[in-house]
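Engineer: The working numbering applies: residue 271 is where the sequence shown begins, and numbers increase by one.
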Amino acid sequence: MPLANRSAARTLLAAGLLFFSACAVHAAPPDAAPVILIRNATLLTVSHGTIEHGSVLIRDGKIAAVGQKIEAPAGAQVIDATGQFLMPGIIDCHSHIAIEGGVNEGSVSVSSIADVAEVIDPDDMDIYYDLAGGVTSSNILHGSANAIGGQTILIKLRWGQPADRLPFEGALPGIKFALGENPKRSNFSFPGAPKRYPATRMGVEEVIRAAFTEARDYKKKLDDYNRRLKAGEKDLIAPRTDLRLEPLVEVLEGKRYVHAHSYRADEIVMLLRVAREFGFKVRTFQHVLEGYKVADEIAASGASASTFSDWWGYKMEAYDAIPYNAALMTHRGVLVSINSDSGQEAAHLNQEAAKTMKYGGLSEEEALKLITLNPAIQLGVEKRVGSIDPGKDADLVLFNHHPLSAYAVAQMTFIDGRIYFDRQRDIAGRATLQKEKDALIEKEKKVAAAKEKSAEKKPEEKKSDEKPKPSSAGSAKGGAQ
């Protein structure tokens with residue numbers, strides 16, 4: 271890449287980060303949440319129907335009141351939402367944003383020691399893009415290269431805050447499992463790496479079974495040690511800490527959720543069987559494109575499903591996927607959410623959820639639950655988010671049209687009662703951004719041109735500085751002497 275282009279690219283990246291940081295009204299510290307009244311909107315509460323000409327009062331980052339006749343307290347910021355629709359913030363139950371370069375630790379078949387929380391990038395632009403689509407929380411998952419993958423974390427998209435301010439406070443952590451083609455590495459391999467077990471679907475099951483056999487034995491040793499310690503025994507030696515097994519013990523104790531990448535019905539049933547054997551629960555089956563075939567089994571186990579709206583046929587194990595999957599599982603008693611598995615698709619999850627009304631006949635409220643209350647329940651945070659109810663976190667999104675409409679565009683996104691995305695502010699800043707870009711690019715071009723001109727002069731200068739060589743006659747005479 272030419273020097274001018276490289277310099278311009280760095281310049282544009284820096285300018286873009288500065289612009290998007292400026293566009294989000296979020297720099298206030300955690301203790302400075304404003305009092306806000308959102309007035310005269312259509313409230314899609316998700317939990318108790320629709321309220322026309324409704325208002326929501328936000329105080330201390332929480333929803334303080336919901337209704338049609340709410341007076342603005344003194345000093346409150348009033349947002350006139352006439353003709354607009356207010357709904358709970360969208361929750362993405364399967365995301366890989368903010369961890370570029372840290373999605374897959376695929377060198378081993380059990381990578382439970384790896385933790386995506388340690389590599390969260392608060393400057394990832396996908397955070398801002400998803401905010402612009404109304405997403406307020408994302409379940410950040412390890413990839414699917416391993417039968418048992420790395421640890422996961424739920425975050426709030428507090429754009430502009432440092433990494434340690436993004437985790438959703440109080441949410442249980444998770445761990446990623448994977449079944450099928452990915453963990454048996456039929457679609458990819460790591461350059462220069464030797465072949466890794468497992469290579470079959472049978473092997474994937476046995477990796478999980480073997481790991482939990484170890485974890486169960488390790489837990490027994492820990493429990494025995496703690497029992498004897500509590501009984502007052504002296505000179506005890508604690509079991510050696512195993513960082514690989516610690517997260518699996520937390521699964522056995524119900525302190526960590528299992529999110530299992532899955533496609534085929536037979537493999538879904540297989541994991542349910544292994545979970546029963548070792549006494550743990552699968553919290554969510556992710557993708558679960560053949561879930562409609564075994565919906566009764568999933569519902570009976572207490573597991574839930576987080577799926578796509580209509581992805582199909584992009585690999586062999588996705589060939590039996592149907593767009594009716596989410597609705598069919600819902601009708602059979604499975605708690606279902608629609609996820610993105612994509613930084614781009616997350617920005618229109620509302621429209622992905624709307625497809626279930628066409629494919630399966632879900633109601634508006636059922637469709638909205640797929641991206642709000644249902645994923646909140648799946649992630650154990652339904653008492654905090656997922657619906658418009660007093661006492662819950664003020665994680666909300668304001669749309670110009672009904673969010674299930676193809677014409678809906680998010681106007682404002684609130685997290686903890688603060689405006690983290692404001693479309694009008696974003697639009698107003700674009701002219702300034704373009705002006706800065708043009709000025710910086712022009713400056714870089716001038717610098718690059720000056721350097722190129724200087725480089726062209728150097729050979730001529732070097733030539734003029736050289737001393738003249740003696741003539742051939744002189745050389746011959748000198749040689750004779």
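From the three backbone atoms N, C-alpha and C, an ideal C-beta is built for every residue, glycine too.
Source: prediction; values computed, not measured.
1. Alpha carbon to alpha carbon, how far is P593 from G631? Give it in angstroms, no decimals.
2. Enumerate, from N- to C-terminal direction, the unbroken beta strand (DSSP E) stretches of 3 or more residues contained entirely within the segment 337–361.
3. Extract the residue ranges of the beta strand (DSSP E) inside the segment 555–591, only unbroken runs of 3 or more that lie entirely within it.
4. List in chain order: all unbroken alpha helix (DSSP H) runs of 4+ residues lying wholly within the segment 659–724.
5. State the DSSP-derived secondary structure class of N496, mapped to helix, strand or coil.
6. Look at the Cβ atom of S532, then the Cβ atom of H557, and state whether they are nearer than 8 Å.
7. Among all the DSSP beta bridges, which residues are the ones paired with Q621?
8. Quick one: Cα of I538 to Cα of F555, how far?
9. Would you kindly report the start and end of the unbroken beta strand (DSSP E) that includes T600?
10. Is P660 closer than 8 Å to I397 when the C-beta atoms are compared?
11. Measuring CA to CA, which of A701, L640, L710 and R700 is closest to G359?
12. Since S571 and L542 are thought to touch, with beta carbons under 8 Å apart, how far apart are those beta carbons, to the nearest angstrom?
13. Spatial neighbours of R428 within its chain, please: C-beta separation below 7 Å, excluding the five flanking residues on both sides.
14. Here's a check: name, in chain order, each residue in its chain whose Cβ is nearer than 8 Å to the Cβ of V544, leaving out the five neighbours to either side.
15. L218 and V316 look like a contact to me (Cβ under 8 Å); what is the Cβ gap, rounded to whole Å?
16. For G419, does the three-state DSSP call read helix, strand or coil?
17. On the CB-based measure, 16 or more other CB atoms within 10 Å of its CB, does H529 come out buried or exposed?
18. Does DSSP put L518 in a helix, in a strand, or in coil?
19. Among E726, Y488 and K500, which has the Cα closest to the Cα of P509?
Structural biologist: On the basis of the coordinates in this document:
1. As a working mapping, residue 631 is identified with position 361 in the sequence shown. As a working mapping, residue 593 is identified with position 323 in the sequence shown. Take the alpha-carbon of G631 and the one of P593: they are about 11 Å apart.
2. Within the segment 337–361, the beta strand (DSSP E) runs of at least 3 residues that lie entirely inside it are, in chain order, 347–350 and 355–358.
3. Correct list: 574–577.
4. Secondary structure in the segment 659–724: no alpha helix (DSSP H) run of 4 residues or longer lies completely within the stretch.
5. To locate residue 496, count along the sequence shown from 1; it is residue 226. The answer is helix: DSSP assigns N496 an H, G or I state.
6. As a working note, residue 532 is residue 262 in the sequence shown. As a working note, residue 557 is residue 287 in the sequence shown. Result yes, Cβ atoms of S532 and H557 sit closer than 8 Å.
7. Along the sequence shown, read from residue 1 onward, the residue named residue 621 stands at position 351. Answer is none; Q621 lacks a bridge partner.
8. Looking up residue 538 in the sequence shown gives position 268. Looking up residue 555 in the sequence shown gives position 285. Distance between the alpha carbons of I538 and F555: 8 Å.
9. Working through the sequence shown from its first residue, we reach residue 600 at position 330. Careful: T600 lies outside any beta strand (DSSP E), inside the alpha helix (DSSP H) at N595 to H601.
10. Position 127 of the sequence shown, counted from the first residue, corresponds to residue 397. Position 390 of the sequence shown, counted from the first residue, corresponds to residue 660. For I397 and P660, no; Cβs fall outside 8 Å.
11. Here residue 359 is taken as the residue at index 89 of the sequence shown, counted from 1. Residue L640 is the option with its Cα nearest to G359.
12. If you number the sequence shown from 1, residue 571 lands on position 301. If you number the sequence shown from 1, residue 542 lands on position 272. Right, the Cβ-Cβ distance comes to about 5 Å (below 8 Å), so this counts as a contact.
13. Working through the sequence shown from its first residue, we reach residue 428 at position 158. Answer for R428: H296, R435, L436, I685 and Y690, listed in chain order.
14. Here the question's residue 544 lines up with position 274 in the sequence shown. Here the set comprises E475, I478, R479 and F482.
15. Nothing can be reported for residue 218: it is not among the residues displayed for the chain, which extend from 271 to 751.
16. For the purposes of this step, residue 419 is identified with residue 149 of the sequence shown, where counting begins at 1. Secondary structure at G419: strand, using DSSP grouped into helix, strand and coil.
17. Counting from one through the sequence shown, the residue named residue 529 turns up at place 259. Counting every other CB atom within 10 Å of its CB across the protein chains shown gives H529 a total of 16 or more, marking it as buried.
18. Taking the sequence shown and counting its residues from 1, the one referred to as residue 518 is at position 248. Per DSSP, reduced to three states, the secondary structure at L518 is helical.
19. For the purposes of this step, residue 509 is taken as residue 239 along the sequence shown, with counting starting at 1. With distances taken between CA atoms, P509 lies nearest to Y488 out of E726, Y488 and K500.
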